[in-house]
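Numbered as in my numbering, the sequence shown ends at 357 without a single skipped number. Backbone N, C-alpha and C fix where the C-beta goes; we use that ideal spot for every residue, glycine too. Model, not experiment: these values are computed from the prediction.
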Amino acid sequence: MADTTPTGAFGLPVPSGGAGADDEHPTVETEPPEVPRVITAQLSAADRAFRGLLRSGGIAVFAITGLIGTFLVVRAWGSYRQAGWSFFSTGTWLVGEGRFGIGSILPNGILIAVIALVVAVPCAVVASLFISEYAPAALKRPLIALVDLMAAIPSIVYALWGVFFFQPEALGFARWLTDHVGPVFPPFRIIGQQTKIAFSSSPFIAGLVVSLMVIPIVTSLCREVFSQAPQGEREAAYALGASRWAMIRTVVLPYGRGGMIGAVMLGFGRAMGETIAVSLIISPVWTFNWHALQTGGMSIPALIALRYTESTPQMLSALMAAGLVLFAFTLAVNAAAGVIITRTRSGAQTAD
Numbered sequence: 006m007a008d009t010t011p012t013g014a015f016g017l018p019v020p021s022g023g024a025g026a027d028d029e030h031p032t033v034e035t036e037p038p039e040v041p042r043v044i045t046a047q048l049s050a051a052d053r054a055f056r057g058l059l060r061s062g063g064i065a066v067f068a069i070t071g072l073i074g075t076f077l078v079v080r081a082w083g084s085y086r087q088a089g090w091s092f093f094s095t096g097t098w099l100v101g102e103g104r105f106g107i108g109s110i111l112p113n114g115i116l117i118a119v120i121a122l123v124v125a126v127p128c129a130v131v132a133s134l135f136i137s138e139y140a141p142a143a144l145k146r147p148l149i150a151l152v153d154l155m156a157a158i159p160s161i162v163y164a165l166w167g168v169f170f171f172q173p174e175a176l177g178f179a180r181w182l183t184d185h186v187g188p189v190f191p192p193f194r195i196i197g198q199q200t201k202i203a204f205s206s207s208p209f210i211a212g213l214v215v216s217l218m219v220i221p222i223v224t225s226l227c228r229e230v231f232s233q234a235p236q237g238e239r240e241a242a243y244a245l246g247a248s249r250w251a252m253i254r255t256v257v258l259p260y261g262r263g264g265m266i267g268a269v270m271l272g273f274g275r276a277m278g279e280t281i282a283v284s285l286i287i288s289p290v291w292t293f294n295w296h297a298l299q300t301g302g303m304s305i306p307a308l309i310a311l312r313y314t315e316s317t318p319q320m321l322s323a324l325m326a327a328g329l330v331l332f333a334f335t336l337a338v339n340a341a342a343g344v345i346i347t348r349t350r351s352g353a354q355t356a357d
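The structure is reproduced here in structure tokens:
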């Protein structure tokens, strides 16, 4: 019997469906999708206890912060109802007459904090760069310990130093700034030669003293960020012939930009909350002092410290209202600093 199997080109047999029968509907073998294998590790009792401790600590921080805010809102609500929106624009503090607000106190506090940052930030950045990049190994640890020790000094010590030693020495410099740097520090009229009366207890001197408290914080944070710059990029910069300063300018500073901004904002919050130094140095004035070198000024922490002991329940409620504004302001500044650090390279996890 003859073979009737159809053949195609080159005599090859053709499937029974005819030549090209499966061309229109080709059979494709599909593989199951790749699913990553989940690796689970059995946690020990110590791991579960440690994780629970960390979660409890984080929840406790949020709970305490919320309780502080709630306490301030409850105690300050009466003053907010009495003063209304004028509380944020009134520059006087006459609680008994119903005319009180932070319209001049808050700007004075911001002015003192800004003066402190203008002095503290350059010093802190230079010091942190020297410690992390230039200091020899034998000197690095003592310098780090010295910076930490400065941060641990009580505020009252800085305040007493500023009142009895620094302020008399700074009066001549303040007078020189008034005479020669008018666009930055607007001049004002001085009656006779009363330099001590005109320049003592000013926001400028208070800001300089506060800057000494801000420098350790900013220095420590910047040093930590600079030390985490990727080692591979450092070595690549040196391989391309860069000097040490060129490496710092192209690798370390861009990497730590976000951390520097966050450190400055945290230092700003620290300066805004300083109480003892400002209350001992500055002379209370209930109007905004446009001349930073002139005597007089006030901040919210200093106001609370000076008026707390003599306050009636109504006055105490007004102080709580001012404290609530300061609490919300510093909380917003610190939250913004955290966001900036997280969204930059210095806050992200990078491979070495």
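For residue i, the nearest candidate out of the options (CA to CA)
i: residue 156; options: 90, 223, 100; result: 223
i: residue 134; options: 328, 254, 313; result: 254
i: residue 226; options: 266, 249, 235; result: 266
i: residue 108; options: 121, 117, 144, 93; result: 93
i: residue 120; options: 67, 102, 60, 218; result: 218
i: residue 288; options: 203, 318, 39; result: 203
i: residue 74; options: 325, 340, 339, 345; result: 325
i: residue 331; options: 37, 114, 69; result: 114
i: residue 302; options: 310, 291, 174; result: 291
i: residue 268; options: 129, 315, 86, 58; result: 129
i: residue 174; options: 210, 264, 294, 122; result: 210
i: residue 295; options: 230, 110, 147, 71; result: 110
i: residue 207; options: 304, 84, 233; result: 304
i: residue 274; options: 95, 96, 228, 122; result: 122
i: residue 116; options: 132, 298, 205, 234; result: 298
i: residue 77; options: 333, 239, 338; result: 333
i: residue 236; options: 138, 347, 63; result: 138
i: residue 84; options: 72, 100, 260, 71; result: 100
i: residue 82; options: 349, 321, 344, 347; result: 321
i: residue 221; options: 149, 213, 144, 104; result: 149
i: residue 323; options: 98, 49, 65; result: 98
i: residue 260; options: 179, 314, 346, 328; result: 346
i: residue 240; options: 256, 231, 230; result: 256
i: residue 172; options: 147, 144, 213, 79; result: 213
i: residue 278; options: 185, 102, 338, 145; result: 338
i: residue 112; options: 132, 161, 327, 43; result: 327
i: residue 180; options: 41, 313, 300; result: 300
i: residue 340; options: 59, 183, 67; result: 67
Per DSSP, cross-strand counterpart(s) of residue i
i: residue 226; result: Its beta-bridge partners do not exist; DSSP assigns none.
i: residue 289; result: 302
Simplified DSSP assignment, three categories, for residue i
i: residue 99; result: strand
i: residue 60; result: helix
i: residue 104; result: strand
i: residue 267; result: helix
i: residue 197; result: With a pLDDT of 48 at residue 197, under the threshold of 50, the modelled position of this residue cannot be trusted, and the question is left open.
i: residue 147; result: helix
i: residue 181; result: helix
i: residue 341; result: helix
i: residue 294; result: coil
i: residue 43; result: coil
i: residue 309; result: helix
i: residue 346; result: helix
i: residue 233; result: coil
i: residue 245; result: coil
i: residue 400; result: Because the chain here runs from 6 to 357, residue 400 falls outside it and cannot be looked at.
i: residue 112; result: helix
i: residue 205; result: coil
i: residue 140; result: coil
i: residue 165; result: helix
i: residue 253; result: helix
i: residue 391; result: The first residue shown for the chain is 6 and the last is 357, placing residue 391 beyond what the model contains.
i: residue 35; result: coil
i: residue 159; result: coil
i: residue 324; result: helix
i: residue 315; result: coil
i: residue 272; result: helix
i: residue 217; result: helix
i: residue 84; result: helix
i: residue 261; result: coil
Whole-number beta carbon distance between residue j and residue i, since they are thought to touch under 8 Å
i: residue 258; j: residue 342; result: At roughly 18 Å, the Cβ-Cβ gap does not stay under 8 Å, so residue 258 and residue 342 are not in contact.
i: residue 142; j: residue 215; result: Incorrect: roughly 33 Å between the Cβ atoms, too far for contact.
i: residue 244; j: residue 252; result: About 10 Å separates the two Cβ atoms, so there is no contact after all.
i: residue 164; j: residue 282; result: 4 Å
i: residue 280; j: residue 306; result: 4 Å
i: residue 228; j: residue 158; result: Contact doesn't hold; Cβ gap of about 18 Å is too wide.
i: residue 286; j: residue 167; result: 5 Å
i: residue 349; j: residue 263; result: 3 Å
i: residue 104; j: residue 95; result: 6 Å
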